[in-house]
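From first to last, the protein sequence lines stand for chains A and B.
Residue 258 in UniProt numbering sits at position 258 of the first sequence, with consecutive numbering throughout.
Residue 129 in UniProt numbering sits at position 129 of the second sequence, with consecutive numbering throughout.
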Amino acid sequence: MTGGSFGDFVARAAAAGELVVQPRMGVPGPEGMRAGLAAVRGAGVRAAGTITVDSFTRVGDHLAVHQALATGAELNGYPIAAHSPETTRSVLNGLHGADFPVQVRHGSACPQKIVAALLAAGLDATEGGPLSYCLPYSRVPVAESVRAWAESCLLLSDARERGARPHLESFGGCMMGQLCPPSLLVAISVLEGLFFRQHGVDSMSLSYAQQTDPDQDAEAMAALRTLAAEHLSDVDWHVVLYTYMGVFPRTPHGATALLQRSAELAVRTGAERLIVKTTAEAHRIPTVAENVAALVTAGAAAARAEPGGVVEDTGVLAEARALVDAVLDLAPDVGIALVRAVERGYLDVPYCLHQDNAGRTRAFVDGAGRLRWSRTGALPLPAGSAVPAPDPTADELLRSLTHVERAFDRG
Amino acid sequence: MELDAARPDAARLDIVVSGLASDAHTWNLVYLQLVLEEMGHRVTNLGACVPDGLLTSRCGQAAPDLVVLSSVNGHGFQDARRVIGPLRARLACTPVVVGGKLGVDGTGGHAEALLAAGFDAVFENADAIAAFRGYVERLAAGVRS
Ligand code: B12
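This is the structure in structure tokens:
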């Protein structure tokens, strides 16, 4: 069973003027996972399916997975490496295909077992990256993650031999979920795309997550497309937008409005795909029904939205370009360049506790609601990129983290 | 005694803040560290995805006055219940507390089982931070003074 290519499916939708919407959804048991995929497929929108992997599998604790399965304990996703390939094939059978591709989402710095399991089950689309699934997701050294992701890219690209066109998405646009300025998100997405290409992947997507200000986000999306066009002209690529990944509105009306704004942003900026969030986000793992409702809401908002409009230049492209160029100058091999860039603080993610992250940068939400640097550490950025400010107190940090939540819950 | 914001040394606690083995979230840890430092305590933050063995050995070495565990990914109940035994073997009398979103369905209700398993306090309600501040204040008032 090869299901047609993820990249082709998205390209066909884009040619038809339709945004692909996709949930974040992982159900521990095979029956529940199959029912979830069937509900997404039948939602009446142009959707891609998702299998989200549980956190024990993500960190490689396969013993804890088996204990949870044996005792019926709760898992926060589908343990794809514990279920047999036959089981996962039976989950997908008759659902997964050229008109309904399924992507495996995992958050693992060393994903070889997960990649092997998804390939064995006949799938070939997944996501992550050597930085985006290492720094915010693990305590694995960056150099080790780079090796693991190089291996994973090779495993994936080998699937071309069976007639598939494997697809890999960079999660670089979602670093830490929040409070990471747009230029760094754009730069990491592009750099991970270059890393994937170097390791044989020729169909990919680059991500960006909705932040605190729609105009700043539109500018960042344009910068992402510009740099992707410059650096990745010889591979198939598209842009995937994520509905806000930080502290989410608690009210149904606030959560719904934020989702709608993200669908509008996707259409305005020409994103081909949108990963949605549900009204349960602030509280617990969403149900399948909540996920389907979010897809329908996003699809309807996208259908009403208009592409284009003015994008102001406040320097996001110049910053992102400076970061990408400085990192690529560190070594001809992209993986080595990434390791050196983290070592030197050329890529330094605000508030990231990972032991390899330099930890000398800070960001905040300014009075106008835009995300700004307050400290840039050793980032190779143009002068004047930061608005110096003292480090926040606990209350001030929480105020930045909940800026979006409060605005939408009030609204 | 000192009346300014700085705490007298005797009431300054050495605290280990840590995520649990399967949990990658860190904003909770960053926030808890700031809260405790602003209360005048010293914090060692072990970060995310801390394997059981690393957590017990680091706590054993540090011999802290308080261990604060946090998890929000939904596996907290399982991760916490598994690690408290080995932690207790190293730190028989040190207060160990846990908080966050400990299950996947948002209903809470894990306190009883975790207290029975050996935790000193569990914070998973909406007023968790206020209750936690009170707990730490009482601990600081009673420690080494
Ligand atoms: C940002 C975020 C992320 C970022 C995290 C980046 C990072 N390194 O920190 C990224 C994108 C990487 C991420 C990943 C995942 N996430 Co997440 N994430 C969030 C989100 C949107 C915000 C969390 C946040 O930053 N809060 C800000 C901090 C300051 O607050 P807090 O963590 O809520 O903690 C507060 C209280 O809980 C309490 N507290 C916490 N711990 C303790 C401890 C003590 C002692 C005390 C007193 C109090 C206390 O105090 C804090 C302040 O009030 C939440 C949903 C939301 N809230 O909107 C989901 C959420 C926490 N994530 C969730 C999940 C499941 C995951 C993933 C497993 C992916 C998935 N399946 O969806 C992975 C994690 C992988 C892993 N190995 O664990 C779920 C958890 C479900 C549940 N518990 O029922 C949530 C609720 C989303 C959802 N509805 O599905 N996530």
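Virtual Cβ for every residue (Gly too), placed ideally from N, Cα, C.
Could you say which of the options lies nearest to residue i if we only look at CA atoms?
i, options, result
"valine 97 of chain B", "B:Gly60, B:Ala117, B:Arg12, B:Gly103", "B:Ala117"
"alanine 187 of chain A", "A:Gln198, A:Tyr208, A:Gln178, A:Ser203", "A:Tyr208"
"phenylalanine 248 of chain A", "A:Val276, A:Ser145, A:Thr314, A:Phe100", "A:Val276"
"alanine 293 of chain A", "A:Ala305, A:Ala326, A:Ala255", "A:Ala255"
"threonine 278 of chain A", "A:Val267, A:Gly270, A:Ala263, A:Leu259", "A:Leu259"
"alanine 383 of chain A", "A:Gly315, A:Ser205, A:Asp99, A:Asp391", "A:Gly315"
"tyrosine 346 of chain A", "A:Lys113, A:Thr50, A:Glu319, A:Ala38", "A:Glu319"
"glycine 49 of chain A", "A:His96, A:Cys352, A:Met221", "A:His96"
"alanine 48 of chain B", "A:Ala228, A:Tyr133, A:Val146, A:Val104", "A:Tyr133"
"glycine 99 of chain B", "B:Leu91, B:Pro8, B:Arg133", "B:Arg133"
"glycine 246 of chain A", "A:Leu19, A:Arg225, A:Pro85, A:Gly173", "A:Gly173"
"glycine 308 of chain A", "A:Cys110, A:Gly7, A:Glu219, A:Asp99", "A:Glu219"
"aspartate 158 of chain A", "A:Leu397, A:Leu185, A:Ala125", "A:Ala125"
"proline 95 of chain B", "B:Ile129, B:Leu115, B:Glu37", "B:Leu115"
Between which residues of its own chain and residue i is the CB-CB distance below 7 Å, once the five residues before and five after are set aside?
i, result
"alanine 150 of chain A", "His199, Gly335"
"alanine 331 of chain A", "Ala337, Arg340"
"valine 45 of chain A", "Val21, Leu295, Val296, Gly299"
"proline 86 of chain B", "Asp52, Thr56"
"proline 286 of chain A", "Thr278, Ala280"
"serine 262 of chain A", "Gln210, Leu241, Thr243, Tyr244, Leu274"
"histidine 305 of chain A", "What sits at residue 305 of chain A in the sequence shown is alanine, not histidine. Contacts found: Ala263, Glu264, Val267, Arg268."
"aspartate 409 of chain A", "Pro249, Arg250, Thr251, Gly254"
"serine 189 of chain A", "Ser170, Gly172, Gly173, Leu206, Ser207, Tyr208, Leu224"
"tyrosine 351 of chain A", "Met176, Leu179"
"histidine 62 of chain A", "Ala81, Ala82"
"arginine 360 of chain A", "Gly345, Asp348, Arg375, Gly377, Ala378"
Tell me which residue opens and which closes the alpha helix (DSSP H) that residue i is part of.
i, result
"arginine 399 of chain A", "394 to 401"
"glutamine 78 of chain B", "76 to 90"
"glutamate 188 of chain A", "Note that residue 188 of chain A is isoleucine in the sequence shown here, rather than glutamate. Where isoleucine 188 of chain A is concerned, the enclosing alpha helix (DSSP H) stretches over 182 to 198."
"valine 68 of chain B", "It is not in any alpha helix (DSSP H) - valine 68 of chain B instead sits in the beta strand (DSSP E) that spans 66 to 71."
"glycine 100 of chain B", "Run containing glycine 100 of chain B: none in the alpha helix (DSSP H); it sits in the beta strand (DSSP E), 96 to 100."
"serine 84 of chain A", "Run containing serine 84 of chain A: none; DSSP gives neither H nor E here."
"serine 152 of chain A", "142 to 158"
"alanine 301 of chain A", "288 to 304"
"valine 10 of chain A", "6 to 15"
Counting only the same chain and skipping the five closest in sequence on each side, list residues whose C-beta sits under 6 Å from that of residue i.
i, result
"alanine 14 of chain A", "Glu272"
"glycine 77 of chain A", "Gly26, Thr52, Val53, Asp54"
"valine 17 of chain B", "Leu29, Leu32, Gln33, Val43, Asn45, Val68"
"leucine 3 of chain B", "Any reading at leucine 3 of chain B is ruled out, since the residue's pLDDT is 43, under 50, leaving its predicted position unreliable."
"phenylalanine 56 of chain A", "Ala64, Val65"
"arginine 165 of chain A", "Ser5, Ser203"
"glycine 60 of chain B", "Arg90"
Name the DSSP beta bridge partners of residue i, please?
i, result
"threonine 126 of chain A", "A:Val104, A:Leu168"
"aspartate 14 of chain B", "B:Arg42"
"glycine 36 of chain A", "The partner list for glycine 36 of chain A (beta bridge, DSSP) is empty, contrary to what the question assumes."
"histidine 238 of chain A", "A:Ser205"
"tryptophan 373 of chain A", "A:Ala363, A:Ala386"
"glycine 97 of chain A", "A:Phe100"
"glycine 19 of chain B", "B:Ser70"
Per DSSP, what kind of secondary structure is residue i in: helix, strand or coil?
i, result
"phenylalanine 119 of chain B", "coil"
"histidine 66 of chain A", "helix"
"threonine 52 of chain A", "strand"
"isoleucine 114 of chain A", "helix"
"leucine 274 of chain A", "strand"
"methionine 26 of chain A", "The identity of residue 26 of chain A in the sequence shown is glycine, whereas the question assumes methionine. It is coil, neither helix nor strand."
"alanine 280 of chain A", "coil"
"phenylalanine 408 of chain A", "helix"
"glycine 254 of chain A", "helix"
"alanine 47 of chain A", "strand"
"leucine 54 of chain B", "helix"
"glutamine 216 of chain A", "helix"
"glutamate 137 of chain B", "helix"
"alanine 48 of chain B", "coil"
"valine 59 of chain A", "coil"
"glycine 106 of chain B", "coil"
"methionine 221 of chain A", "helix"
"leucine 323 of chain A", "helix"
Given residue i, which residues of its chain have a CB within under 8 Å of its CB, disregarding the five upstream and five downstream residues?
i, result
"histidine 403 of chain A", "Thr212, Val365, Gly369"
"leucine 194 of chain A", "His231, Leu232, Leu328, Val334"
"glutamate 74 of chain A", "Pro28, Ala68"
"methionine 1 of chain B", "Per-residue confidence for methionine 1 of chain B stands at a pLDDT of 40, beneath the threshold of 50, marking its modelled position as unreliable; the derived number appears in the next sentence. Pro8, listed in sequence order."
"serine 108 of chain A", "Val53, Thr57, Arg58, Val59, Gly60, Ile114, Gly128, Tyr133, Tyr137, Ser138"
Which residue comes first and which comes last in the beta strand (DSSP E) that contains residue i?
i, result
"arginine 344 of chain A", "Here arginine 344 of chain A belongs to no beta strand (DSSP E); instead the alpha helix (DSSP H) covers 334 to 344."
"glutamine 22 of chain A", "20 to 22"
Which bits of chain C does residue i rub up against, with CB to CB less than 7 Å?
i, result
"asparagine 76 of chain A", "Protein chains in the displayed structure are A and B, and chain C is not among them."
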